[in-house]
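Position 29 (the sequence shown) corresponds to 29 in the numbering used here; numbering is contiguous. For reference, the structure discussed in these notes is given below.
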Amino acid sequence: MQLLDGKKISSLIKAEIAEEVRFMRQSGHRAPHLAAILVGSDGASQTYVNSKVKSCEEVGFQSTLIHLPADTSEAELLHHIGQLNTDTSVDGFIVQLPLPSHIDEHNVLMAIAPEKDVDGFHPSNVGRMALNLPSYLPATPKGILELLQRYEIETAGKHCVIIGRSHIVGLPMSLLMARKATPGNCTVTLCHSHTRNLKEETLRADIIIAALGKPEFLKADMVKEGAVVVDVGITRVADSSKKSGYRIAGDVAFAEVSPKCSYITPVPGGVGLMTVTSLLQNTLSAAKKEIY
Ligand code: NAD
């Protein structure tokens, strides 16, 4: 079994991006600029946004955090988005999800200019991704592709089972693994809460991508010998032995599953770190006008 080491690969990619930023600045360009809008003070969202801002600093990007109170109206939020859409000093921006319940997420995502949508959630980017046209890929699936590619994992002709069909992970992942591309060219089965006999599906999989948000859901008896297992899950589980009072658990029962795998991602230290790196890569692409 070999670990798909998100820590190592994300550090490598960050160093590559930092080098490009140095080159851009030496050639007289400004540094790429990512803006993030956070509405409210949800603990996990704040942690995610802070790590995105910190990563920008690490690679020499400029970053702007717009932190709005939880009672911000949808109209006010759309006004901020409109400003960022036309601000030529900002290359790309994100609106941290989830949003407070009084704001319609769809209206917000639709308002982001596709050319600045570095999260890749706008229908225009999702459609382009589905058609294999240049687009910003959503960060988590993009990070998983990057891991598969850097570890030279063969995907063509393989059976890939994805568990979870969210718009940010499972659904785009299914499109990307089925695309005529490398990594890609898989036969994909997309499983979800209505799937019958999930174990039958996972036992046929060469590659399993677990993104359902149920700690240690995937057990050893659901995985065939030699499978590649990618664990997307991040759930806080109460743990009195930790100072914080919780630990982060993935969707895979790592201790029992890992001996059966050819490759597996750890949690933490796997997909999560790659997600932030993908956002940096998309922002660099935006600054270089590579997609639009
Ligand atoms: P979600 O929470 O929106 O939806 C869960 C999906 O899993 C649904 O499609 C549902 O149908 C499916 N599901 C639930 N129970 C199931 C079952 N018993 N069998 C089969 N399918 C089932 O999904 P999400 O937002 O993609 O989040 C999934 C997990 O990934 C969460 O733990 C989340 O924190 C984590 N996540 C991690 C990253 C990262 O960077 N590593 C990024 C995004 C999400």
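Every residue gets a Cβ at the ideal spot worked out from N, C-alpha and C, and that includes glycine.
- Taken in chain order, the unbroken stretches of alpha helix (DSSP H) that lie wholly in the segment 53–123 and span 4 residues or more are 74–86 and 105–111.
- Look at which beta carbons fall closer than 6 Å to any heavy atom of the ligand NAD; those residues are Thr140, Ile163, Gly164, Arg165, Ser166, Ile168, Val169, Gly170, Cys191, His192, Ser193, Thr195, Leu198, Ala211, Leu212, Gly213, Lys214, Val232, Gly233, Ile234, Thr235, Val271, Gly272 and Thr275.
- Arg25 carries a helical assignment under DSSP once its states are collapsed to helix, strand and coil.
- Here Gln2 is bridged, per DSSP, to Tyr263.
- In the structure shown, the three-state DSSP call for Val161 is strand.
- The alpha helix (DSSP H) runs lying completely inside the segment 151–225 and spanning 4 residues or more are 170–178 and 198–203, given in chain order.
- Met1 places its beta carbon less than 9 Å from that of Ile264.
- Annotation: Val39 is outside any alpha helix (DSSP H); the continuous beta strand (DSSP E) that includes it extends over His33 to Val39.
- Taking the Cβ atoms as the reference, Cys191 lies roughly 14 Å from Ala178, outside the contact range of under 8 Å.
- Per DSSP, the continuous alpha helix (DSSP H) segment holding Val276 begins and ends at Val271 to Ala287.
- Looking at the DSSP output, Ile248 shares a beta bridge with Arg236.
- Taking all protein chains in view, the Cβ of Val126 is crowded by 16 or more other Cβ atoms within 10 Å, so the residue is classified as buried.
- Per DSSP, Ala253 is not a residue of any alpha helix (DSSP H), being assigned neither H nor E.
- The C-beta distance from Val39 to Pro100 rounds to 6 Å, short enough to meet the 8 Å contact threshold.
- Judged by their CB atoms, Ala35 and Val21 are not nearer to each other than the 9 Å cut-off.
- In terms of CA proximity to Phe121, Ala139 leads the group Pro183, Asp104, Ala139 and Cys160.
- Annotated as distal: Leu280 and Leu147, with beta-carbon spacing of 9 Å or more.
- Non-local C-beta neighbours of Ser278 in its own chain, meaning closer than 6 Å and more than five positions away in sequence, comprise Ala139, Lys142 and Gly143, ordered along the chain.
- Taking C-beta separations shorter than 6 Å and ignoring five residues to either side along the sequence, the partners of Thr72 in its chain run Val39, following chain order.
- By the CB criterion at 9 Å, Lys224 and Leu203 fall inside the cutoff.
- Counting along the chain, the unbroken beta strand (DSSP E) around Asp231 starts and ends at Val228 to Asp231.
- For Arg30, the secondary structure class from DSSP, reduced to helix, strand or coil, is coil.
- Residues Ile291 of the same chain have their beta carbon placed closer than 6 Å to that of Ser285, with the five preceding and five following residues left out of the count.
- Distance check between Lys288 and each of Ser41, Asp91 and Glu57 places Asp91 closest, using alpha-carbon atoms only.
- Annotated as proximal: Pro183 and Leu145, with beta-carbon spacing under 9 Å.
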